[in-house]
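Numbering-wise (this note's numbering), the sequence shown opens with residue 984 and increments by one.
Idealized CB from N, CA, C, for every residue including glycine.
Bear in mind that the values here come from a model prediction, so they are computed numbers and not experimental data.
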Amino acid sequence: MIRPALLLALLASPAMADDVTVFAAASLKNALDEVAAGFMRQTGHDVTISYAGSNILAKQIIEGAPADLFISASKEWMDQVEEAGMVERRADLLGNRLVLVAHGAAQPVQISPDTDLAGLLDGGKLAMALVDSVPAGQYGKAALEHLGLWDDVRADVAQSDNVRAALALVATGEAPLGIVYATDAAAEDGVTIVGEFPSDSHPPITYPAALLTGASDDADRAFYDALSDSAAMAVFERHGFTVPN
């Protein structure tokens, strides 16, 4: 016979599972949702993930938003969080590639200083994340400047709050072309990758992950460790991310 006190403890135990709150770059959504689902099945801990541009998330963390982990799409924004004294542990988790996507089916493009990007737009807009603050936009602008193409298209750029919003503009046909990560393009059937930017045309695309000083329990540390285990890496690679050696 189960004693009443023991029965109450058993009934209460699922609600006592430790929660993990993660702030993560929007481009991680599909892969990170899958990693988190596996972690929750295995451990019983709940994982709540807020996705947005890394710039927005970093500012929210610095202003005191209750996050246990932060995964940024750029070292710059992670550096600012660390400089604010809010990083307990940190490691470079993933990499990515920068691509040009088109709405629907389209012919491939060789991206070089000779590319007539303005001509390819044909009066339409080039969708990008915010070029001065969101990592995908910053990488994209850097690549266009390196190739000498920025001045040709800067007046035609339609900027969005994050890379997934830029991807949506192309997928719905509101913009004929966009610059996004390869992983975003792979997650959207409404676009076609027409070209890849040379890796030396922009800074390396790096996703640092951090356990924040506000993390309070073993569940937070367990999820941070799980992000770099072999099971998680297999998920990230399947979604098109590159992983450190």
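- Straight through space, the alpha carbons of Ala1141 and Lys1042 are spaced by roughly 23 Å.
- The alpha carbon of Leu1152 has as its nearest neighbour, out of Ala1165, Thr1166, Val1136 and Glu1171, the alpha carbon of Glu1171.
- Look at the stretch 1089 to 1149 and you find these whole runs of alpha helix (DSSP H), each 4 residues long or longer: 1100 to 1104, 1118 to 1130 and 1133 to 1136.
- For Gly1178 and Val1018, the gap between their C-alpha atoms comes out near 29 Å.
- Close CB contacts of Leu1132 within its chain, under the 6 Å cut and outside five residues either way in sequence, are with Leu1100 (chain order).
- Classified as exposed, Asp1115 has fewer than 16 neighbouring CB atoms from the shown chains inside 10 Å of its CB.
- Taken atom to atom, the span from the alpha-carbon of Asp1212 to that of Gln1093 is near 36 Å.
- Restricting attention to Val1003, Leu1011 and Asp1134, the CA atom closest to the CA of Ile1188 is found in Leu1011.
- Between the stretch 1181 to 1198 and the stretch 1047 to 1056 there are three or more inter-stretch CB-CB distances shorter than 8 Å, so the stretches are counted as touching.
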